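Q: Yeah, the sequence shown ends on 470 if you go by our numbering, and it's all consecutive.
Think of the CB as a built atom: it goes at the ideal place given N, C-alpha and C, for glycine as much as any other residue.
Note that the structure is predicted; figures quoted are calculated from it, not measured.
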Amino acid sequence: MNPYEEKLALLSDMIAFSVVDGKLHEREYLFLSMIAEELQITTEDFKALFHQESYPIVIKSEFERIQQFYRLALLMHCDGVLHEREQIKIHEIGINMGLNPHAIKRVLKAMEISPTKMISPEFLLEVFQEQLN
Numbered sequence: 338m339n340p341y342e343e344k345l346a347l348l349s350d351m352i353a354f355s356v357v358d359g360k361l362h363e364r365e366y367l368f369l370s371m372i373a374e375e376l377q378i379t380t381e382d383f384k385a386l387f388h389q390e391s392y393p394i395v396i397k398s399e400f401e402r403i404q405q406f407y408r409l410a411l412l413m414h415c416d417g418v419l420h421e422r423e424q425i426k427i428h429e430i431g432i433n434m435g436l437n438p439h440a441i442k443r444v445l446k447a448m449e450i451s452p453t454k455m456i457s458p459e460f461l462l463e464v465f466q467e468q469l470n
C-alpha cells in the first residue's frame with residue numbers, strides 16, 4: 338500500500354469513529370478536514386471517504402499507532418460531548434491496535450481532566466513507554 342493510500346485509510350478510520358455516536362458534529366468535520374489537509378489529502382478524496390466503506394489497515398509502527406490513537410481521542414472530544422459509545426469504541430480500537438490498556442486509560446483520563454482536552458506529546462509517549470519497561 339502506498340503512503341497516500343495509508344493516509345486515506347487512517348482518515349477513513351477517523352471518519353468511521355466520528356459517527357459512532359450516531360451523527361457527525363460540525364466541529365468533528367472541521368477537525369477531520371484539518372487532519373486531511375495536514376496529511377495532504379485532496380478535497381475530492383476527503384469528501385469521497387464519507388461515502389465509502391472503511392477497510393482497516395494494520396499500522397506497523399508503534400509510534401504511528403499511538404499517534405492515530407491520540408488523533409481519535411482528540412476527535413472524540415471535538416464536539417464537547419463525551420458519549421458512552423465513543424468511550425467504549427476508543428478503548429476497543431486502542432486494544433485492537435495493540436496498545437496497552439492501562440496506558441489507554443491513563444491517556445484518556447488525562448485528556449478528560451485537561452481544560453483543553455489535549456496532552457503534551459512528551460506525556461503521551463511517556464505513558465506508553467512506561468508500559469514497556
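(1) Rounding to the nearest angstrom, what Cα-Cα distance links L462 and L376 in this structure?
(2) Suppose you measure from the CA of F400 to the CA of H420; what does that come to, to the nearest Å?
(3) Would you call M371 buried or exposed, if buried means 16 or more other Cβ atoms sit within 10 Å of its Cβ?
(4) So, using beta-carbon positions, are F406 and I352 closer together than 9 Å?
(5) By DSSP, does K442 sit in helix, in strand, or in coil?
(6) Starting from the C-beta of A373, find all residues in its chain whose C-beta is less than 7 Å away, skip the five residues before and the five after it, and write them out in chain order.
(7) Relative to the C-alpha of L411, which candidate in Q466, D350, K454 and P438 has its C-alpha closest?
(8) Taking only three categories from DSSP, how would you classify T379?
(9) For E365 and K426, I'd like the C-alpha separation in whole angstroms.
(10) Can you list, in chain order, the residues of its chain whose CB lies under 7 Å from that of L409, leaving out five sequence neighbours each side?
(11) With a 10 Å radius around its C-beta and 16 neighbouring C-beta atoms as the bar for buried, classify L367 as buried or exposed.
A: Short version:
(1) Cα to Cα, the separation comes out at about 21 Å.
(2) Spanning the alpha carbons of F400 and H420 requires a straight line of approximately 27 Å.
(3) Under a 10 Å Cβ-count criterion, M371 is classified as exposed, with fewer than 16 other Cβ atoms of the shown protein chains found around its own Cβ.
(4) Against a cut-off of 9 Å, the Cβ pair of I352 and F406 comes out as no contact.
(5) K442: helix per DSSP, three-state reduction.
(6) Apart from sequence neighbours up to five positions away, the residues of its chain that approach A373 with a beta-carbon distance below 7 Å are L348 and F383, ordered along the chain.
(7) The shortest C-alpha separation from L411 is found at K454.
(8) When secondary structure is reduced to three states using DSSP, T379 falls in the coil class, being assigned neither helix nor strand.
(9) The straight-line gap from Cα to Cα measures roughly 16 Å.
(10) Here the set comprises M351, F354, I427 and I430.
(11) Counting other Cβ atoms within 10 Å of its Cβ, L367 stays below 16 and is therefore classed as exposed.
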